[in-house]
Amino acid sequence: MMRQLYEYHPVVGYRYIPRLRVRILHEGGGYLIQVNEQGFRADRPFARARTPGHRRVLVFGDSFTAGDAVPNRQRYTELLEARLPDAGTPPVEVYNFGLSSTGTDQQYLIWREFARDIEHDLVVIAVFVENIRRVAAQFRPHHDEHGVERLYAKPYFRIENGTLQLCQVPPRREPYEEHELDAAQAAAVDHGGRFLVLRKMVTKLGMRDMVQHLTQYQPLPHYDSPASPAWRLMRAILTQWIRALDRPVLLMPLPLPQHLDETCDAAPYQARFAELAADLGCRLHDPLPDLLRIAPATRRRLRWDKDIHFTPAGHDALARSLQPVIADMLGAGLARAS
Numbered sequence: 001m002m003r004q005l006y007e008y009h010p011v012v013g014y015r016y017i018p019r020l021r022v023r024i025l026h027e028g029g030g031y032l033i034q035v036n037e038q039g040f041r042a043d044r045p046f047a048r049a050r051t052p053g054h055r056r057v058l059v060f061g062d063s064f065t066a067g068d069a070v071p072n073r074q075r076y077t078e079l080l081e082a083r084l085p086d087a088g089t090p091p092v093e094v095y096n097f098g099l100s101s102t103g104t105d106q107q108y109l110i111w112r113e114f115a116r117d118i119e120h121d122l123v124v125i126a127v128f129v130e131n132i133r134r135v136a137a138q139f140r141p142h143h144d145e146h147g148v149e150r151l152y153a154k155p156y157f158r159i160e161n162g163t164l165q166l167c168q169v170p171p172r173r174e175p176y177e178e179h180e181l182d183a184a185q186a187a188a189v190d191h192g193g194r195f196l197v198l199r200k201m202v203t204k205l206g207m208r209d210m211v212q213h214l215t216q217y218q219p220l221p222h223y224d225s226p227a228s229p230a231w232r233l234m235r236a237i238l239t240q241w242i243r244a245l246d247r248p249v250l251l252m253p254l255p256l257p258q259h260l261d262e263t264c265d266a267a268p269y270q271a272r273f274a275e276l277a278a279d280l281g282c283r284l285h286d287p288l289p290d291l292l293r294i295a296p297a298t299r300r301r302l303r304w305d306k307d308i309h310f311t312p313a314g315h316d317a318l319a320r321s322l323q324p325v326i327a328d329m330l331g332a333g334l335a336r337a338s
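Numbering (full-length UniProt numbering), first residue to last: 1 to 338.
What follows is the structure, given as structure tokens:
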């Protein structure tokens, strides 16, 4: 993450620089980022009042929703907006509140700070399953404007006496040096998982996919038990957020590349999100089965060679998986309204 794309925000930690328009170099040849006045990637402002005759969907997530590696028009949210009327719904506005490198905790804060008063018919919470590490973190490494990796504080929640407490707001603007952190803080830095040195070496040698295939390494053991501390925190955040919403909610876990390659087991996270959706009475859509029906060689082209984010084909596949679900939910809302 290059900080010149972002500005400090005292609650969320950062957001895109409002009205920014910049081309980003990338292995796919580069892509254009355009940001609206609220500080989110969009070609239009996010209006509070719904456009007459339109339905509106609000979508929250991290870089897989914000659209790292593709321009705005090729993201699954824009594809859905263009295609949903063909599925029998009225015209639909899809507002994408995705913000790269955030955790589900920060995405909840985005809803509270920027979206809670926006008229809408449906909320989609897209949880890239790796976010379970981010919600447990108090600090995350990001690249500054010079490309140097630095440690930045992030807002975070903790559970105290059964209640969520928001901490480290406002987060410090300036980056931290490792020596400034005490032992507890150092343990709360998200380095992207276990075996950091080994993972960096394997990635540098270009052997990541092969080693994953051979070892069947489980990168997210936090989902193995409903009692794991990280899952209890993730569950508490999603529960508080979803219960605060007064419109239908679609909860959508997004898989890791290893799940798409079938080199690690998706069953633990699938079980946790299914339990949560059942307890809260919200709709769950797991796109992984649809994506796994794509032939392996074609499926590999859903993400870039080096960058793990979706290619245009990946966004298209996700939009196709989501379209009938959202059309059904919006259609049910129309039926209730009539």
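All C-beta atoms in this analysis are idealised placements derived from N, C-alpha and C, irrespective of residue type, glycine included. Model, not experiment: these values are computed from the prediction.
Three-state class that DSSP yields for D40 in the structure shown: Just to set this straight, residue 40 is Phe in the shown sequence, not Asp. F40: coil per DSSP, three-state reduction.
Skipping 5 residues on each side, what residues in its chain have a beta carbon closer than 6 Å to that of Q4? E145
For the beta strand (DSSP E) containing A153, name the first residue and the last one. E149 to A153
From the DSSP output, in three-state form, read off residue 390 for me. The structure shown does not extend to residue 390, since the chain is modelled only from 1 through 338, so no value can be given for it.
Which runs of the beta strand (DSSP E) fall wholly inside the stretch 87 to 123 and span at least 3 residues, in chain order? 92 to 96
Whose CA, out of A49, R50, P71 and T77, lies closest to the CA of G61? T77
H222 - partner residues in DSSP beta bridges: DSSP, once it has assigned bridges, lists no residue as partnering H222.
Compare the beta carbon distance of A137 and D182 with 8 Å and say whether it is the shorter of the two. no
Which value, in whole angstroms, describes the spacing of the CA atoms of R55 and A244? 20 Å
Taking only runs that begin and end inside the stretch 62 to 88, name each unbroken alpha helix (DSSP H) of 4 or more residues, in chain order. 63 to 66 and 76 to 83
Please name the residue, chosen from L251, R83 and L288, that lies closest to C264 on a Cα-to-Cα basis. L288
Pop quiz: L250 and I326 are said to be a contact at Cβ under 8 Å. What is the actual Cβ separation, rounded to whole angstroms? 7 Å
With DSSP collapsed to three states, give me the class of V12. coil
Which same chain residues end up closer than 7 Å to L214 when comparing Cβ atoms and leaving out the 5 residues on each side of it in sequence? At L214, the pLDDT of 48 sits below 50, so the modelled position is not reliable; the number obtained from the coordinates is stated separately. So the list is empty, once near-sequence residues are dropped.
Extent of the continuous beta strand (DSSP E) run through V57: R55 to F60
Rounded to the nearest angstrom, what separates A267 and A227 at their Cα positions? 16 Å
Between the stretch 153 to 173 and the stretch 121 to 133, can you find at least three pairs of beta-carbon atoms closer than 8 Å? no
Based on Cα-Cα distance, which residue from V70, Q38 and R232 lies nearest to L302? V70
Quick one: residues in its chain with C-beta nearer than 6 Å to the C-beta of K200, no 5 flanking neighbours on either side, listed in chain order? Only weak support is given to the placement of K200: the predicted model assigns it a pLDDT of 44, under 50, and the value that follows is read from those uncertain coordinates. Around K200: no qualifying Cβ.
Rounded to whole angstroms, what is the Cα-Cα separation between E37 and N96? 13 Å
Looking at H315: is its Cβ nearer than 8 Å to the Cβ of L79? yes
If you compare alpha carbons, which of V94, G98 and A188 is closest to F64? G98
Is V11 closer than 8 Å to V169 when the C-beta atoms are compared? yes
What's the call for I24, buried or exposed, on a 16-neighbour Cβ count within 10 Å? exposed
Whole angstroms is fine: what's the gap from P90's alpha carbon to L318's? 21 Å
State the DSSP-derived secondary structure class of T296, mapped to helix, strand or coil. The question names Thr, yet the displayed sequence has Pro at residue 296. Helix.
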